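The structure appears below as structure tokens.
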Amino acid sequence: MTPSESVTQPDGATQPDGVLGRPEVSAPEPWSFPASQRARLANGLAVVSYDIPGQYVISVCLAVPLPLDREPVDREGIATIMARTLDEGTALHTAEEFAELLERKGIALGAGVSEAGLVVDVDVPKRHLSDALDLLSQAVREPAFPANEVSRHVKTRLAEIDQERAVPGQRAALEFITTYFDSDERASRPTGGAKATVAAITSPDLVAFHAANVAPSGATVVVAGDLSDLDVVSEVEQALGSWSGVPAEAIEPREAARAPDAARVVFVDRPGSVQTEFYVGCPGPDHSVEGGWAAYQVLGFVVGGSPNARVDAVLREDKGFTYGIRSGFRPRRRGGLFLTSGSVRADSTVEALGLLLDILDKAREGFTAEETRAGVDFISKTAPGRYATADAVAEEAATLSLEGLTTDFTTANLLALADVDAAALTAAYDRYVNGEWTVVIVGDASLYAEGVRALNRGPLTVLPA
Amino acid sequence: MPLDYKIAERTLANGLRVIVSEDHSVPNVTVNLWVNVGSRHEVEGRTGFAHLFEHLMFQGSRNVASGEHFSALMAAGGRLNATTWFDRTNYFETVPRGAMDLALWMEADRHGHLLDAVSQENLDNQRDVVKEEKRQRYDNMPYGNALIDIYAAIFPKGHPYHHATIGSMADLDAASLQDVHDFFRSHYGPNNTVLALVGDLAPDEGFASAERYFGSLPATASLRREPVDPLPPLPAPVRDEHIEDVPSDHLYIAFRLPVDDTPEFFASSLALDIIGGLATSRLVRRLVRREQSATSVSAHAMGFVDGISLGFMLIDVAEGFSADAVEAAACEELVRFAEQGPTEIEMESAMAQTERGWLSSLASQEERADQICHSATLQGDAGYLNTYLDRLAEVTPAQVQEAAGRWLRPQSRAVVAYLKQDGATQ
């Protein structure tokens, strides 16, 4: 048989009997971000809880402000190693005992750091919440940092650094911060530290770093889930009320400076790559941006948030060069980045990069009312689902707390979406995007570097593998 | 803890099984469809086709333009995607309640009338996209092909699970429009599909909407074959070694496991957790914490329906240690576990972690809908999400030991090793 070779146009008049026309979409029901209860313990720890019926696994997030620039320059990565060793031995328990106490109660405890602070995340079935808070308290207040556990985690991190260099997307991200930020900035170097600084980290370093930086005052503990029949404040008070310690003096955050020569192209050679990884960025705003953050969420979606967004409409759905490239605005405490990243078929490298930069530049000419509406609707109408779980609510609240914000910001931002029109979107994009891109490419330089150079998209540096 | 997620089920005259789970916690509905076709149904020379076909389901159907499934539903506040796996293909969107009918109408259009819109251009484009997916996730990644190697090592050629869902480049190149038509006619149709609606709706509303949009579709899918014959554990060790430019030596130690949804599978899965999956597992205690010959150990059980399942452990060997010695130590622990069985604390830990994992996976409507379709499609029981933990709790330490003794023996292992080029191992 001869298969159909064109897309049938929708035409109600020629539909066979019984086929229903396209249903209309009715307006969504009103919804608001889950309400919080707030308290502050005498030691300064803020307690924020969200009762979300039906969420049987409770999420607890403890967020401690700890700007990465507090790390000693020759021990960068120490905050990451500290996060990973908080539960590897405490005043009362060895590392193995502690792991067993967690697992027997079905508790998952993880910790990590961002540029703004330390977040310890605990998931636990409701009936074991008290045990979980007690163990969280022990890990945060009384970590012992045993030397053998510290050296093990240092070795693991060193192995991880090798892995990061081998994975093209991670390699690109690392080279991007090196290229983009001024070399004096902590932001220009990996959050988890480099080999030399990580290798130097010892148990006494961790004891001192923890004592100086992890304290209740200024920290926030978020508890989200089905909290019926629970007195959360009293549970937290019992576990963390006697936590003491004086935090280091707060440093007013400032925007990390971009390198003077950041607008350039860096091609990291990865011989034999069957794909080429792109990591493209320029400055972006933080949450406090004039005119509001909402427009930037919409921009991320419209430019590079779906298969039909501007980037993938061309590079994926038309050209078939990629499985998907994503764009988005990434706020920091002050300032931020507009990033686009993804990978393309190796032999399309030059054409794909040219197309991508053209799409990003051309977007400065403006956005249509239709794509604006689609973006606004997507961001606002997906909110009930995006914030439906204990995990998502706790993470949102904890992350915002490190910026000095509450989830009132989330609510206000959702309301502000209603005012985002095409003109606002265009103005928001134009405020940050000026065509001065930092471009990092990870791929086979011997085959494609000269073609990229010929695009004339900025000075090109080729780095060996 | 007894779970009581609401489950209401009805089968339409054309065979479509519809399951509604009412939950008014947010004003959304998740629409989730499972089609009982996966890479296990692919024929030789057409590996990767079930997944390529899934991509074509987004390129338009009788009344929906190419790409419109994404654009129309996302603009209505939908989050959506589709995935393909060995046993099945699923399609899903979570939408505001007021967009549920649009979602169902669009799903019915592509599940009933895809072929009106399939074109050579769309096939060629999505073939390219899928090849980039394969390159991104497998070919351009260190260790990226390890799982593919495991499937090939542990299941015999011609077995449904011998080849990975992503398929081969040559087979993707060979896929034709005729294949698309044949595949749709054989496998797609309401009589081979389960539809779950989870969220802000009453069962009767869900059944009525399902009938309205899907009721007129004919029962076109061909009958499913019976599961293939069960496989025993591997009779002798298999080894597949790759010397590559990788940052560290990785050992994947894989085993055949009993077919999913059986006490034997639950028992072997708990055994695997205790040996290598928990943070307090025997291999983590010995290799990671004490000997420090590995930087990490993890373990995974994948339940399948065609006569056999798969379990594997991944050991990341620490710099300066011999992969062979680490493998020998792992084998010692396998033997020891089969001889000793689990301790009380190990059973308690494995059960507790499985419970939390299960409850977490049911926390969102999306995943709950997916689990409902999973068990309704592959196990026949839409209410499995409420009973799984109780059934797991019935597994005894003796059953765990027995399962390990039969399935997790060193002589039944397949090892896929990715070793550094410079020969750092001695």
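Read top to bottom, the protein sequences are chains A and B. Quick note on numbering: the first sequence equals residues 256 to 720 in this note's numbering. Quick note on numbering: the second sequence equals residues 19 to 444 in this note's numbering. Even for Gly, the Cβ is constructed at its ideal location relative to N, Cα and C. Note that the structure is a prediction, hence the values are computed from the model and not measured.
Extent of the continuous beta strand (DSSP E) run through residue i
{"i": "B:M320", "result": "312-320"}
{"i": "B:M331", "result": "327-335"}
{"i": "A:T457", "result": "Where A:T457 is concerned, there is no enclosing beta strand (DSSP E), given that its DSSP letter is neither H nor E."}
{"i": "A:E326", "result": "No beta strand (DSSP E) contains A:E326, which DSSP labels as neither H nor E."}
{"i": "B:D274", "result": "One point to set straight first is that residue 274 of chain B is Arg, not Asp, in the sequence displayed. Element bounds for B:R274: 268-275."}
{"i": "A:L718", "result": "715-718"}
{"i": "A:Y311", "result": "It is not in any beta strand (DSSP E) - A:Y311 carries neither H nor E in the DSSP assignment."}
{"i": "A:Y305", "result": "301-306"}
{"i": "B:V306", "result": "It is not in any beta strand (DSSP E) - B:V306 carries neither H nor E in the DSSP assignment."}
Interface residues of chain A facing residue i [CB-CB closer than 8 Å]
{"i": "B:L377", "result": "Y311, V312, P380"}
{"i": "B:Y482", "result": "Look at the range of chain B in this structure, 19 to 444, and you will see that residue 482 of chain B is not part of it."}
For residue j and residue i, the rounded distance between their alpha carbons
{"i": "B:D157", "j": "A:T531", "result": "12 Å"}
{"i": "B:Q383", "j": "A:R641", "result": "11 Å"}
{"i": "B:I168", "j": "A:A394", "result": "38 Å"}
{"i": "B:I172", "j": "B:Q154", "result": "25 Å"}
{"i": "B:G63", "j": "B:D388", "result": "30 Å"}
{"i": "B:D278", "j": "B:S327", "result": "6 Å"}
{"i": "B:V344", "j": "A:E343", "result": "23 Å"}
{"i": "A:A301", "j": "A:V488", "result": "10 Å"}
{"i": "A:V491", "j": "A:Q310", "result": "19 Å"}
{"i": "B:V61", "j": "B:Y206", "result": "16 Å"}
{"i": "B:V36", "j": "B:F67", "result": "27 Å"}
{"i": "A:V529", "j": "B:E262", "result": "16 Å"}
{"i": "B:Q310", "j": "B:R304", "result": "8 Å"}
{"i": "A:E352", "j": "A:A346", "result": "12 Å"}
{"i": "A:T257", "j": "B:L133", "result": "Any answer about A:T257 is weak, because its pLDDT of 29 lies below 50 and its placement is not dependable; what the coordinates show is given next. Each residue's alpha carbon lies about 12 Å from the other."}
Interface partners of residue i on chain B, CB under 7 Å
{"i": "A:N563", "result": "G85, F88, S89"}
Pair within 8 Å by beta-carbon distance, residue i and residue j
{"i": "A:D541", "j": "A:R509", "result": "no"}
{"i": "B:F110", "j": "B:T48", "result": "yes"}
{"i": "A:V501", "j": "A:V453", "result": "no"}
{"i": "B:R274", "j": "B:S430", "result": "yes"}
{"i": "A:G555", "j": "A:S598", "result": "no"}
{"i": "B:T102", "j": "B:H69", "result": "yes"}
{"i": "B:V306", "j": "B:T298", "result": "no"}
{"i": "B:I390", "j": "B:A100", "result": "no"}
{"i": "A:L570", "j": "A:L610", "result": "yes"}
{"i": "A:Q292", "j": "A:S304", "result": "yes"}
{"i": "A:T662", "j": "B:A381", "result": "no"}
{"i": "A:L485", "j": "A:P538", "result": "no"}
{"i": "B:F181", "j": "B:S57", "result": "It should be pointed out that residue 181 of chain B corresponds to His in this sequence rather than to Phe. Contact: yes."}
Beta-carbon neighbours of residue i, restricted to chain A and to distances below 9 Å
{"i": "B:N99", "result": "Within 9 Å Cβ-Cβ: nothing; B:N99 doesn't reach chain A, min ~10 Å."}
{"i": "B:Q429", "result": "The premise fails here: B:Q429 is roughly 30 Å from chain A at the closest Cβ pair, so nothing lies under 9 Å."}
{"i": "B:L120", "result": "R277, P278, E279, V280"}
For residue i, the first and last residue of its enclosing alpha helix (DSSP H)
{"i": "B:P281", "result": "281-290"}
{"i": "A:G559", "result": "549-559"}
{"i": "B:R35", "result": "Run containing B:R35: none in the alpha helix (DSSP H); it sits in the beta strand (DSSP E), 35-40."}
{"i": "B:A171", "result": "164-172"}
{"i": "A:E430", "result": "423-435"}
Under 8 Å by beta carbon: chain B residues contacting residue i
{"i": "A:P423", "result": "N158, M159"}
{"i": "A:V652", "result": "Checking the sequence shown, residue 652 of chain A turns out to be Ala, not Val. Within chain B, no residue comes near A:A652; the closest Cβ sits about 16 Å away, beyond 8 Å."}
Chain A contact residues for residue i, given Cβ-Cβ distances below 7 Å
{"i": "B:D146", "result": "G575"}
{"i": "B:E337", "result": "A414"}
{"i": "B:I292", "result": "Those within 7 Å of B:I292 in chain A number zero; the least Cβ separation is about 10 Å."}
{"i": "B:A117", "result": "V280"}
{"i": "B:T107", "result": "Within chain A, no residue comes near B:T107; the closest Cβ sits about 18 Å away, beyond 7 Å."}
Closer than 9 Å at the beta carbon, the chain B residues around residue i
{"i": "A:V569", "result": "Correct list: empty, because the minimum Cβ distance to chain B is about 12 Å."}
{"i": "A:D632", "result": "M92, A93, A94, G95"}
{"i": "A:Q530", "result": "E150, R153, Q154, D157, N158"}
Quick check: the segment 418-426 of chain A against the segment 452-460 of chain A, are at least 3 beta-carbon pairs closer than 8 Å? no
Evaluate the contact criterion for the segment 382-396 of chain B versus the segment 428-437 of chain B: three or more CB pairs, one atom per stretch, below 8 Å. no
The segment 237-257 of chain B contacting the segment 398-408 of chain B, beta-carbon criterion three pairs below 8 Å: Output reads no: the segment 398-408 of chain B does not touch the segment 237-257 of chain B.
Using 8 Å as the threshold, is the segment 92-109 of chain B in touch with the segment 27-45 of chain B, meaning 3 or more CB pairs across them? no
Would you say the segment 300-316 of chain A touches the segment 371-387 of chain A, given that touching needs at least three Cβ pairs under 8 Å? yes
The segment 464-481 of chain A touching the segment 358-370 of chain A, judged by at least three CB pairs closer than 8 Å: no
Report yes or no: do the segment 697-707 of chain A and the segment 600-616 of chain A share at least 3 C-beta pairs separated by less than 8 Å? yes
If contact is defined by three or more beta carbon pairs under 8 Å, each pair taking one atom from either stretch, is the segment 358-366 of chain B in contact with the segment 283-295 of chain B? yes
Inter-stretch contact (C-beta, 8 Å, three-pair minimum) for the segment 74-88 of chain B and the segment 614-623 of chain A: Touching, no, given that fewer than three Cβ pairs across the two stretches are closer than 8 Å.
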